[in-house]
Amino acid sequence: MKVLSLVNLTKKQTEKIQSISGVDLRVVSPKKVTPEDLDGVEVLYDWSNTLKDAVLKSDTLNWIQVVRAGVDALPLPELKEKGVILTNGSGANSINIAEQTLAYMLMFERRINLTAEHQNAHEWKQIDNYDEVYNKTIMIVGVGHIGTLIAKYAKALGMKTIGVRRTDQPTEYIDEMIPMSEMKARINEVHFVVNALPDTEETVGMFNKEIFQLMSKKAYYINIGRGKTTNMDDLVSALQDGEIAGAGLDVTTPEPLPSDSPLWDMKNVIITPHDAGNSVHYEERAFDIFKRNLKSYVENGEVVVNEVNYSTGY
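Position one of the sequence shown corresponds to residue 1 (the UniProt record's numbering), numbered consecutively onward.
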């Protein structure tokens, strides 16, 4: 079975893959890969647009494992039509994204985003209204691997957790799970709204003027999902008009955020350059997902974790 990896594997990782009986592994840099490298390949580890046409023409490719959680850059309708199995790296970045989400909340409540400015100005100055996350309510919209871990950390800090997703099936660390249809009716109850949604046809522009007006004026909006899920103009207006207390944004649309965006100068906004998913531990965790799936695929012809549902896009 030919396996093509576009990830530069370590020696130890290479040995682990080669130890799986029947695997013929080849590693090629995504910057150097050519369509010819896909000849006879059944399993592709990660994605490159250079291979798009070759993938769609391939008679042998049966499974693609991407490193990241998002798959919106791939030709999903065509892959679905071909019957290609698609798995992602969902969960590999849960720890670091959950930690960064907590950082936004703690910075806002403990005013660290403002005191950091005083440090830069060499000013020893306290600020009014220091608060706590303890006993606050967080609403997590999109409860998958990341959302569940955010809830776990929030509970450890004494917070109440409300989860929102397509179904209201109970999940550990979520005090109350509600369906998307109830989000608008409940969103005014919470202190933090965390957007952990993927980019799909249903989620584009979901957070808009109506949602921000329904939120409490004391609530913060945090987006660690996808930029397109937020109407940026509506968010700017909500912040300027005081409809919400502030925003923590790891993702925007477009990216990079234009230098003339008014968001840069707002003291109640924390902007990070889409780096919540970055961690020195990420690639090893993503590799573990691939290795587990590959072992099962070779032995049983099936993957066991993170198979993408083409109908939902995640």
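C-beta: ideal position from N, C-alpha, C; glycine also.
Predicted, not measured: the structure shown is a model, and the values here were computed from it.
- prompt: Can you tell me whether DSSP reads Q126 as helix, strand or coil?
  reply: Looking at Q126 - three-state DSSP - the assignment turns out to be coil, as it is neither helix nor strand.
- prompt: Which first and last residues belong to the alpha helix (DSSP H) in which R166 is found?
  reply: Taken as a continuous stretch (DSSP letters only), R166 belongs to no alpha helix (DSSP H), as it is neither H nor E.
field: 8 Å Cβ cutoff met for D234 and N208
entry: Closer than 8 Å, so yes.
- request: Give me whichever residues DSSP pairs with V41 in a beta bridge.
  value: Residue pairing by DSSP places V41 opposite K2 in a beta bridge.
message: Could you compute how far the alpha carbon of M159 sits from the alpha carbon of T87?
response: Separation of M159 and T87 (C-alpha to C-alpha, rounded to the nearest whole angstrom) is 33 Å.
message: Let me check one thing: in DSSP terms, what residues is V27 bridge-paired to?
response: DSSP lists S5 as partners of V27.
message: So for G147, helix, strand or coil by DSSP?
response: Helix.
query: Which residue from Y153, A276 and S259 puts its Cα closest to that of R226?
result: Answer by Cα proximity: A276.
- prompt: Of the choices E302, E36, W47 and H145, whose alpha-carbon is the least far from that of L74?
  reply: It is W47.
Which of helix, strand or coil DSSP assigns to V141: In this structure, V141 counts as strand in the three-state DSSP scheme.
8 Å Cβ cutoff met for V305 and R292: Result yes, Cβ atoms of V305 and R292 sit closer than 8 Å.
query: Per DSSP, I64 is paired with what?
result: According to DSSP, I64 bridges with L44 and L86.
- prompt: A217 by DSSP, collapsed to three states: which one?
  reply: The sequence as given places Lys at residue 217; Ala does not occur at that position. DSSP, read as helix, strand or coil, puts K217 in coil.
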